[in-house]
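As structure tokens, the structure follows; a few thoughts come after it.
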Amino acid sequence: MISIKNLNKSYKMGDSSLHVLKGIDLQVEEGELIAIMGSSGSGKSTLLNILGMLDLADEGEYRLDNVLIKDLTETTAANYRNQFLGFVFQSFNLINYKNALENVALPLYYQGLGRKIRQQKALEYLEKVGLKEWATHLPSELSGGQKQRVAIARAMASQPKVLLADEPTGALDSKTSNEVMALIQKINQEGKTILVVTHELDIAHMCKRIVTLKDGVIVEDKKVDQITVDTNVQ
Amino acid sequence: MFNRDRWQEIFQTIRKNRLRTFLSGFTVALGIFIFIVLFGFGNGLKNSFEQFFLDDATNTLWVYPGLTSKPYRGYKANRRIEFENNDLKAVKDNFNFFLEGITPRISRNITVSYKGESDNYQTRGVAPSHQYVEKTIMMKGRFLHQNDIEYQKKVVVIGRLVAEDLFKDENPIGKFLELGSSAFKVIGVFQDQSGDREERLIYMPYTTRQLLEKNSDKIDNFIVSFRPEIGYASAMAFERQLRLFLKERKSIDPRDNNGIRIRNVADQLKQNQKFARVLQIIVTFVGLGTLIAGIIGISNIMVFVVKERTKELGVRKALGATPKSVIAMVLQESIFITTLSGIFGMLSGIALLTNIQDQLERFFIIDPYIDTLTATLATLLLILFGGIAGYIPAKRAASIKPIVALRDE
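Residue numbers (numbering that gives the first Met the number 0), protein chains in the order written: chain A, 0 to 233; chain B, 0 to 408.
Next up, the structure:
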């Protein structure tokens with residue numbers, strides 16, 4: 000699904016430059032649930048941003064579903080993001096003046112779907128994350144966990160090939176973190192490829208594979224026995 | 000532009016961000032409103048100026064006698080100058096080339112009565128060309144004729160209000176009025192644009208007035224109208240020559256400024272037109288300043304609005320919004336708001352001007368107005384700049400990488 004080879008990225012800081020990613024190679028198969036771990040400054044978020052076409056690599060090859068991602072204009076990057084990728088952010092990034100349903104429907108609007116279909120699909124995905132009754136509520140009326148579930152529904156609504164989650168539980172307490180991870184596991188079980196950036200070990204162990212970054216290189220890449228979260232136990 | 004979904008997006012943003020919408024709309028509406036009101040007031044001032052001169056012909060010289068201040072040719076100073084009928088004739092004979100008309104004026108207050116109704120009115124003994132000088136408009140009957148002058152007829156032309164006061168609903172033409180102890184036949188009723196005072200006057204042949212005063216040949220003053228086509232410079236020359244001629248005739252020292260006074264309406268008008276023009280320039284300048292202030296205001300708000308939305312625009316981009324659609328959305332929203340509020344400001348400004356009419360007359364503002372072209376142009380200008388002011392920050396926001404926009408503070 001994802002294939003990257005020799006990925007390099009540096010940021011210019013005045014005269015000096017900061018080499019963040021130093022030749023990353025990574026293969027991701029369809030249906031994987033991967034945790035990208037590392038302390039802050041290890042380059043894990045930069046990697047995710049490049050995978051998400053929110054940022055560009057300086058060097059290296061990136062293929063997504065056998066499409067070479069290279070020399071993107073802003074417009075084609077926007078179209079690829081819309082078709083291939085779903086994002087979940089640490090701070091949810093819901094649009095605060097739109098209710099849950101409208102937030103979920105937004106990527107569908109950019110896909111050019113009709114209003115009726117958008118509403119119907121958005122409601123379907125809200126139901127999937129268990130928030131159908133909250134469809135008309137504004138983000139400010141939702142709890143942190145609910146917000147993140149709306150964000151996941153929004154990411155899923157455009158039926159992306161890959162779901163990218165950047166510290167999805169970073170702003171949540173452990174109980175709601177588990178709820179969100181349970182949802183992510185459920186979506187993964189339905190066959191979606193998911194990459195989760197995290198610095199928490201217990202969250203990482205809820206995934207099937209852990210890739211550890213340190214100072215811009217992959218230091219460890221291992222499959223793990225997934226800890227399935229059962230929210231009912233908690 | 001006519002995408003229903005995008006309009007829905009825009010209406011939602013407008014509805015959900017009332018303060019922002021109100022602020023930008025208010026700035027535009029206020030800017031255009033103030034511009035229109037100021038510009039209208041400027042025009043109102045100009046109207047006042049024009050109205051001062053509207054009711055009188057402007058190609059006239061008003062000649063008044065005075066007291067001499069210098070001894071000359073054996074006469075002492077402080078001699079009272081008086082005009083007589085033969086002075087009129089001499090002016091007529093000597094300045095035939097410049098002359099259009101000449102009329103004396105002899106003003107007397109007198110009690111006038113008709114069928115028991117009576118009141119005090121000012122009568123003026125004049126010649127037929129006086130009608131032109133005062134721009135007297137005949138409502139009924141006719142003005143004085145040369146015949147009336149020659150035969151010293153006892154006829155009067157009365158003002159609209161005199162007719163109302165004395166005759167009520169009766170038709171005054173052909174009726175006889177008592178002026179002092181003599182009966183005068185009413186031959187005409189006139190109106191005058193300069194208001195009530197002028198419409199309480201009674202005109203009679205100046206020869207008749209002189210007849211009543213023991214057949215004297217004295218006249219109070221006289222008004223000369225010159226041919227308009229001679230131009231401003233010739234008019235000034237005519238004034239100088241007339242002054243010299245009269246001084247010579249009346250044995251007044253040429254350096255004496257007090258024996259004869261001449262009021263040149265053309266010259267006064269020119270001075271006032273100059274003043275009005277300067278006023279117009281000032282008003283335009285202030286109006287432009289207001290417009291520029293409005294433009295700066297809307298630009299500031301647009302920068303702020305886009306800044307505030309940076310994160311939202313980043314989210315939209317992450318979800319697949321192209322830079323073009325981001326710019327279009329911001330721009331369309333700002334143009335929509337500025338257009339609507341611009342038109343609102345324009346219409347309320349025009350409505351205010353229309354309602355004022357003559358309520359501010361004591362501030363010399365009469366019938367303030369703004370022509371549709373200027374109003375529309377100013378509004379369009381503000382909308383255009385509102386659009387440009389929205390476009391620049393929107394373009395910048397659209398080109399920010401979503402990752403920068405989404406970065407947590």
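C-beta atoms are modelled at their ideal positions from N, C-alpha and C, and glycine is treated no differently.
Query - Span of the alpha helix (DSSP H), counted from its first residue to its last, around residue 45 of chain A - result: Walking along the first sequence from the start, residue 45 of chain A turns up at place 46. Unbroken alpha helix (DSSP H) run through residue 45 of chain A: 43-50.
Query - Interfacial residues, the stretch 306-321 of chain B to chain A, with Cβ spacing under 9 Å - result: With the criterion set as a beta carbon lying under 9 Å from some beta carbon of chain A, the members of the stretch 306-321 of chain B are 310, 311, 313, 314, 315, 316, 317, 318, 319, 320 and 321, in sequence order.
Query - For residue 396 of chain B and residue 43 of chain A, the rounded distance between their alpha carbons - result: Here residue 43 of chain A refers to the residue found at position 44 of the first sequence. Here residue 396 of chain B refers to the residue found at position 397 of the second sequence. Taking the straight line from one Cα to the other gives about 26 Å.
**Report entry** Segment contact, 8 Å Cβ cut-off, at least three pairs: the stretch 212-227 of chain B with the stretch 95-102 of chain B
**Finding:** Cβ pair count under 8 Å is three or more, so yes.
Query raised in the report: Which chain A residues sit within Cβ distance under 7 Å of residue 405 of chain B?
Result: The residue you call residue 405 of chain B lines up with position 406 of the second sequence. Under the 7 Å cutoff, chain A gives 88 and 92.
Query raised in the report: Are the stretch 162-171 of chain A and the stretch 126-140 of chain A in contact at 8 Å, needing three or more beta carbon pairs?
Result: Touching, no, given that fewer than three Cβ pairs across the two stretches are closer than 8 Å.
**Report entry** CB contact flag (residue 158 of chain B, residue 197 of chain B, <8 Å)
**Finding:** Here the question's residue 158 of chain B lines up with position 159 in the second sequence. Here the question's residue 197 of chain B lines up with position 198 in the second sequence. Against a cut-off of 8 Å, the Cβ pair of residue 197 of chain B and residue 158 of chain B comes out as a contact.
Report task. Say whether chain A places a C-beta atom closer than 8 Å to the C-beta of residue 16 of chain B. Result -> Start at 1 with the first residue of the second sequence, and residue 16 of chain B comes out as number 17. Yes - at least one Cβ of chain A is within 8 Å of the one on residue 16 of chain B.
Query raised in the report: Under the three-state reduction of DSSP, which class applies to residue 79 of chain A: helix, strand or coil?
Result: On the first sequence, residue 79 of chain A is found 80 positions in, with the first residue counted as 1. Residue state, collapsed to three classes: helix.
Query raised in the report: Between the beta-carbon of residue 259 of chain B and the beta-carbon of residue 62 of chain B, is there less than 8 Å?
Result: As a position in the second sequence, residue 259 of chain B is number 260, starting the count at 1. As a position in the second sequence, residue 62 of chain B is number 63, starting the count at 1. In this structure, residue 62 of chain B lies closer than 8 Å to residue 259 of chain B by Cβ.
Query raised in the report: From the beta carbon of residue 273 of chain B, is the nearest beta carbon of chain A less than 8 Å away?
Result: For the purposes of this step, residue 273 of chain B is identified with residue 274 of the second sequence, where counting begins at 1. Chain A contact via Cβ: absent.
Query raised in the report: Between residue 408 of chain B and residue 31 of chain A, what straight-line distance do the alpha-carbon atoms span, to the nearest angstrom?
Result: Indexing the second sequence from 1 puts residue 408 of chain B at position 409. Indexing the first sequence from 1 puts residue 31 of chain A at position 32. Its pLDDT being 48, under 50, residue 408 of chain B is placed unreliably by the model, and the measurement read from it follows with that caveat. Between residue 408 of chain B and residue 31 of chain A, the C-alpha separation is close to 32 Å.
Query - Listed by chain order, chain B residues near residue 106 of chain A by CB distance under 7 Å - result: In the first sequence, counting from the first residue as 1, residue 106 of chain A sits at position 107. Ordered by position in chain B, the residues that pass the 7 Å Cβ test against residue 106 of chain A are 318 and 319.
**Report entry** Reference residue 199 of chain B, options B:209, B:188 and B:33, closest by Cα
**Finding:** Residue 199 of chain B sits at position 200 when you count from the first residue of the second sequence. Of B:209, B:188 and B:33, the residue nearest in Cα terms is B:188.
**Report entry** Same chain, Cβ closer than 8 Å to residue 241 of chain B, five either side skipped, listed in chain order
**Finding:** Within the second sequence, residue 241 of chain B is the residue found at index 242, counting from 1. Correct list, in chain order: 60, 62, 90, 94, 223 and 261.
Query raised in the report: Mind checking whether residue 381 of chain B and residue 41 of chain B have CB atoms under 8 Å apart?
Result: Residue numbering aside, residue 381 of chain B sits at position 382 when the second sequence is read from its first letter. Residue numbering aside, residue 41 of chain B sits at position 42 when the second sequence is read from its first letter. Going by C-beta atoms, residue 381 of chain B is not nearer than 8 Å to residue 41 of chain B.
Query raised in the report: the stretch 47-60 of chain A: which residues have C-beta closer than 8 Å to a C-beta of chain B, in chain order?
Result: From the stretch 47-60 of chain A, only 48, 51, 53 and 54 have a Cβ closer than 8 Å to chain B.
Query raised in the report: Of all Cβ atoms in chain A, is any one closer than 8 Å to the Cβ of residue 9 of chain B?
Result: In the second sequence, counting from the first residue as 1, residue 9 of chain B sits at position 10. Contact with chain A is absent for residue 9 of chain B, since none of that chain's Cβ atoms lies less than 8 Å from the residue's Cβ.
Requested in this report: Kindly indicate if chain A contains any beta-carbon less than 8 Å away from that of residue 401 of chain B.
Outcome: As a working mapping, residue 401 of chain B is identified with position 402 in the second sequence. By this cut-off, residue 401 of chain B is an interface position.
Query raised in the report: So, helix, strand or coil for residue 42 of chain B, using DSSP?
Result: One-based indexing of the second sequence puts residue 42 of chain B at position 43. Three-state DSSP puts residue 42 of chain B in a helix.
Query - Sub-8 Å separation of residue 400 of chain B and residue 53 of chain A beta-carbons - result: As a working mapping, residue 400 of chain B is identified with position 401 in the second sequence. As a working mapping, residue 53 of chain A is identified with position 54 in the first sequence. Cβ distance < 8 Å, so residue 400 of chain B and residue 53 of chain A count as in contact.
Query raised in the report: Quick one: which chain A residues come within Cβ less than 7 Å of residue 4 of chain B?
Result: The residue you call residue 4 of chain B lines up with position 5 of the second sequence. Those are 108 and 114, listed as they occur along chain A.
Query - residue 210 of chain B, DSSP secondary structure in three states - result: Within the second sequence, numbered from 1, the residue matching residue 210 of chain B stands at position 211. Three-state DSSP puts residue 210 of chain B in a helix.
**Report entry** Sequence-distant residues of its chain with Cβ nearer than 8 Å to residue 309 of chain B (five each side left out)
**Finding:** Residue numbering aside, residue 309 of chain B sits at position 310 when the second sequence is read from its first letter. Cβ within range, chain order: 396, 399 and 404.
Query raised in the report: Which whole-angstrom value is the C-beta distance of residue 315 of chain B and residue 325 of chain B, which I expect to be below 8 Å?
Result: For the purposes of this step, residue 315 of chain B is taken as residue 316 along the second sequence, with counting starting at 1. For the purposes of this step, residue 325 of chain B is taken as residue 326 along the second sequence, with counting starting at 1. With 8 Å as the limit, residue 315 of chain B and residue 325 of chain B qualify as a contact, their Cβ atoms being about 6 Å apart.
Query raised in the report: Using a Cβ-Cβ distance under 8 Å, would residue 456 of chain B count as near chain A?
Result: Within the shown structure, residues of chain B are numbered from 0 to 408, placing residue 456 of chain B beyond reach of any answer.
Report task. Figure out for me which residue from A:3, A:164 and A:27 has the closest Cα to the Cα of residue 60 of chain A. Result -> For the purposes of this step, residue 60 of chain A is identified with residue 61 of the first sequence, where counting begins at 1. Among A:3, A:164 and A:27, the Cα nearest to that of residue 60 of chain A is on A:3.
Requested in this report: Check the Cβ-Cβ distances between residue 96 of chain A and every residue of chain B, and say whether any is below 8 Å.
Outcome: Numbered from its first residue, the first sequence carries residue 96 of chain A at position 97. Taking Cβ atoms only, chain B reaches closer than 8 Å to residue 96 of chain A, which makes this a yes.
Report task. Kindly confirm or deny that the stretch 344-356 of chain B and the stretch 114-127 of chain A touch, where touching means at least three C-beta pairs closer than 8 Å. Result -> No: fewer than three Cβ pairs fall under 8 Å.
Query raised in the report: Going by the beta-carbon positions, is the gap between residue 118 of chain A and residue 100 of chain A smaller than 8 Å?
Result: Translated into the one-based positions of the first sequence, residue 118 of chain A becomes position 119. Translated into the one-based positions of the first sequence, residue 100 of chain A becomes position 101. Yes, these two residues count as a Cβ contact at 8 Å.
Query raised in the report: Expressed to the nearest angstrom, what Euclidean distance is found between the alpha-carbon atoms of residue 198 of chain A and residue 38 of chain A?
Result: One-based indexing of the first sequence puts residue 198 of chain A at position 199. One-based indexing of the first sequence puts residue 38 of chain A at position 39. Roughly 6 Å separates the two Cα atoms.
Query raised in the report: Quick one: which chain B residues come within Cβ less than 9 Å of residue 164 of chain A?
Result: In the first sequence, residue 164 of chain A corresponds to position 165, counting from 1. Near residue 164 of chain A there are no residues of chain B at all, since even the closest Cβ is about 13 Å away, more than 9 Å.
Query raised in the report: Touching or not, the stretch 383-394 of chain B and the stretch 64-74 of chain B, by the rule of three or more beta carbon pairs under 8 Å?
Result: With a cut-off of 8 Å, the stretch 64-74 of chain B and the stretch 383-394 of chain B do not count as touching, because too few Cβ pairs lie within range.
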